[in-house]
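Working notes, beginning with the structure itself.
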RNA sequence: GCGGCUGUGGUGGAAUUGGCAUACACAACGGACUUAAAAUCCGUCGGGGAAACCUUGAGGGUUCGAGUCCCUCCAGCCGCACCA
């Protein structure tokens, strides 16, 4: 037999066998125990599969295969998230239709994924750009609209000057476009919004009911940004109006020495006639409008602002008259767009007050408010605060809230940083929004039976510089009749963001060909929720949050049976280039999976991706590491030459084999793939040390290894003469008795340092163990002239305390 | 600034959750086989060295015993960031 196995022949042979046998197709037999693992469906980019995809795919393929071997009915599906900018940009660049490009990219991805031998149920493939699929994306949108969760708003949005498209807050990273890195400016535009904020509290609370890794939970909680506080109404002199602020520190009301409004605050227009320096105010507003949010915070070192001359507020807690300013350090998008400024106890207010010589009043003792704001409130005691003086901060917050409510000048309020989801894009390659704007009836939804509203073919789908939608040029399509009154009307020309199709795709897998509902209730009841979802951390505040929101909505309207979509969420670390940098074309450090598969085979590739390091950590790629994994599989292959006639697992091999079963079984479940593989390598080393292996011993190894390297294991299993293919071979159990050793190797310590090793038969009385340890020749010199105070025997450690 | 994560050989990383630090690999080196190379097999491989001893980013603490727990720093990565 040759030293190296022929990976191409073996892998292609088994991939064909699996496909012909349809053995990985999930069965809609509701009497079986089910398991639904899910990986994030890929975006089929023109670059082909990235080495990052197989990391997640292999990890859950291992779990999926193991579950089948344990008797579960497994649904491990795959699909394509194919709408979106990169495809459209690529199509524009090459002058080809996006649907053609998409079809090609999907075909390439499918070939690449199949070549890696994932046990996907290919009969359930979904594609978000398929009208039969986006029919239901549109259907969900209409349901959201029907329930008042989709609304049109004239708001300043983030606009990427390079992609020429509006972006959600989540898509703006460091002031630039997440996708292309282009500068993002604010543009006021009429947009469809989804009221995700209505679900803010439930999105936090229900994290308690699911098994997500802590990083994901904390990141979502921080993103939603709940804070408890109070709204306080300030009377404004001169305009007979009220200005409401939000504060988490109602205790500091006595320290509020001025107020600040955001330059965009709507009351400013109303008060314009009474503002004596209105020209100056307008100039400041105009200057702020030109800045992006990013510039505003970048310039945070230096605060700017203008006082509203002629406008004065009355602090409701003490009746004092205080000035009102505008400044862009106050954001319209949070709270009420106005604040009460407490410079003594807020760093930003302090900075502003110092610059503009506004009074600073101490209301919590403990710092020096003339030197810096005293924001630490842990043990602080109130001063200069009327009825609150002498209270602890926590008590004062309560007292102040109670006071506000009693006097009717304020109320308890919870605020969230989370903002509603800007749901429209001005690009071509997305789901059309199934709404019609009728001059007589306003916005009218398409009747459900008219779905899908198909994306029209147009010649020129380039985005326009002015930010208007590409579809607005599809004149024949735009002009339609109102479904309600039959009069002439126009379709919505914006499309959905590509987060739309991915917000519910896991539901479609349960029933992908259903044309009468998004998935049948029985199938959803059986298959959902997803049992285990693995994906990237970068989707924590995007896809993961959006899809939880949609799912909760679908639960509320009775479409899905559970309030949460995913029972368990884990995350993989990114694979870096060999030099430790992020892989990118510009850094010239991209590893192409095809090359690795060609050279080493799919099994070695999968094995290395799991062995390279801790699954949840970022890891640099290493070509020689990958070769080492191939070397291991060759070593496994050559075990066939070392077969001996022994029956079953020989007594001498029992501890090693059963320890491996235990280790591998447990480590797969904990996603400790690297140590599971190390354990199998050790077992193989044991076989080599012994010089031979029995059929049963080898078969056990192959069974454990088959989820990671399925092709070579199937081939060897067949050659060993086993009739049952690996993928339905029962997962082995370990025998605890086989792990019990009859001798125990103790480390003998004196005062915590190992001085000797001692092998003793198991089950000796402690007194005897101590006696033996104290008699060790290697130990005696360290006991010279010392009294033995105590001997501690724990597990396989004997510690002699002497002094 | 806030939140999270990480720090162990030349490299990727192990360590049964407080119990013999450096498993398993990669790289390197030596040997066998070969005319030779590749492949393969067998060895060596934290530092220091005659031994003692030292070693998990630094310093302190708890403990019979600390990579692991506590405190104070340092460095790096990621997320959020004028959120009132």
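Residue numbers (this note's numbering): 1256 to 2058.
Cβ atoms here follow ideal geometry from the backbone N, Cα and C, with glycine treated the same way.
Every value quoted in this text rests on a predicted model; they were computed, and no experiment measured them.
Secondary structure at residue i, three-state DSSP: helix, strand or coil?
i, result
"residue 1975", "coil"
"residue 1983", "helix"
"residue 1894", "helix"
"residue 1446", "strand"
"residue 1240", "Because the chain is modelled from 1256 through 2058, residue 1240 falls outside the range shown and cannot be assessed."
"residue 1371", "coil"
"residue 1256", "Bear in mind that the predicted position of residue 1256 carries a pLDDT of just 42, short of 50, making it unreliable; the figure below should be weighed with that in mind. It is coil, neither helix nor strand."
"residue 1263", "helix"
"residue 1966", "helix"
"residue 1919", "helix"
"residue 1235", "This structure does not reach residue 1235, given that the chain is present from 1256 up to 2058, and the question cannot be answered."
"residue 1815", "coil"
"residue 1647", "strand"
"residue 1441", "strand"
"residue 1327", "coil"
"residue 1926", "coil"
"residue 1883", "helix"
"residue 1759", "coil"
"residue 1294", "strand"
"residue 1788", "strand"
"residue 1282", "coil"
Answer with buried or exposed for residue i, where buried requires no fewer than 16 other C-beta atoms within 10 angstroms of its C-beta.
i, result
"residue 1834", "exposed"
"residue 1557", "exposed"
"residue 1702", "exposed"
"residue 1273", "buried"
"residue 1807", "buried"
"residue 1328", "buried"
"residue 1554", "Since pLDDT at residue 1554 reaches only 49, below the 50 mark, its modelled position is unreliable, and the value read off the structure follows with that caveat. Residue 1554 should be labelled exposed."
"residue 1915", "buried"
"residue 2045", "exposed"
"residue 1256", "With a pLDDT of 42 at residue 1256, under the threshold of 50, the predicted position of this residue should be treated as unreliable, though the coordinate-derived value follows. With fewer than 16 other Cβ atoms within 10 Å, it is exposed."
"residue 1308", "buried"
What residue does the alpha helix (DSSP H) around residue i start on, and which one ends it?
i, result
"residue 1379", "Element bounds for residue 1379: n/a, residue is neither H nor E."
"residue 1806", "1798-1811"
"residue 2066", "Here the chain has residues from 1256 to 2058 only, and residue 2066 is not among them."
"residue 1728", "Neither: residue 1728 is in no alpha helix (DSSP H) and is coded neither H nor E."
"residue 1876", "Where residue 1876 is concerned, there is no enclosing alpha helix (DSSP H), given that its DSSP letter is neither H nor E."
"residue 1536", "1533-1545"
"residue 1776", "1776-1782"
"residue 1459", "1455-1460"
Looking at the unbroken beta strand (DSSP E) that takes in residue i, where does it start and where does it end?
i, result
"residue 1822", "It is not in any beta strand (DSSP E) - residue 1822 carries neither H nor E in the DSSP assignment."
"residue 1626", "Looking at the DSSP string, residue 1626 is not in any beta strand (DSSP E), and its letter there is neither H nor E."
"residue 1833", "No beta strand (DSSP E) contains residue 1833, which DSSP labels as neither H nor E."
"residue 1734", "1734-1736"
"residue 1861", "Premise fails: residue 1861 lies in the alpha helix (DSSP H), 1857-1866, not in any beta strand (DSSP E)."
"residue 1697", "1697-1700"
"residue 2054", "2052-2057"
"residue 1773", "Taken as a continuous stretch (DSSP letters only), residue 1773 belongs to no beta strand (DSSP E), as it is neither H nor E."
"residue 1287", "From DSSP, residue 1287 is part of no beta strand (DSSP E); its letter is neither H nor E."
"residue 1691", "1690-1693"
If residue i and residue j are in contact, beta carbons under 8 angstroms, what's the gap, nearest whole angstrom?
i, j, result
"residue 2031", "residue 2019", "Contact flag wrong, Cβ pair sits at about 15 angstroms."
"residue 1513", "residue 1596", "5 angstroms"
"residue 1685", "residue 1444", "About 16 angstroms; that fails the 8 angstroms criterion."
"residue 1410", "residue 1446", "6 angstroms"
"residue 1781", "residue 1285", "5 angstroms"
"residue 1950", "residue 1975", "6 angstroms"
"residue 1871", "residue 1823", "Rounded, the Cβ-Cβ distance is 14 angstroms, inconsistent with contact."
"residue 2034", "residue 2003", "6 angstroms"
"residue 1367", "residue 1850", "Their Cβ separation, rounded to whole angstroms, is 12 angstroms, which puts residue 1367 and residue 1850 out of contact at 8 angstroms."
"residue 1320", "residue 1961", "7 angstroms"
"residue 1345", "residue 1364", "About 14 angstroms separates the two Cβ atoms, so there is no contact after all."
Any chance you could list the beta strand (DSSP E) runs of at least 3 consecutive residues sitting entirely within the stretch 1975-2050, in chain order?
-> For the stretch 1975-2050, whole beta strand (DSSP E) runs of length 3 or above, ordered along the chain, are 1998-2005, 2008-2016 and 2043-2049.
Ranges of the alpha helix (DSSP H) found wholly within the stretch 1930-1958, counting only runs of at least 4 = None, since the stretch 1930-1958 contains no complete alpha helix (DSSP H) of that length.
May I have a chain-ordered list of the beta strand (DSSP E) segments no shorter than 3 residues that lie completely inside the stretch 1376-1420?
-> Counting whole runs of 3 or more residues, the stretch 1376-1420 contains the beta strand (DSSP E) stretches 1405-1415.
Within the stretch 1468-1523, ranges of the beta strand (DSSP E) (whole runs, at least 3 residues) = Complete beta strand (DSSP E) runs here, min 3: 1481-1492, 1496-1502 and 1513-1516.
In chain order, which continuous runs of the alpha helix (DSSP H) of length 4 or greater are located wholly inside the stretch 1551-1627?
-> If we require 4 residues or more, the alpha helix (DSSP H) runs fully inside the stretch 1551-1627 come out as 1602-1611.
What are the complete beta strand (DSSP E) segments, minimum 3 residues, inside the stretch 1648-1679?
-> Segments of the beta strand (DSSP E) lying fully in the stretch 1648-1679: 1665-1671.
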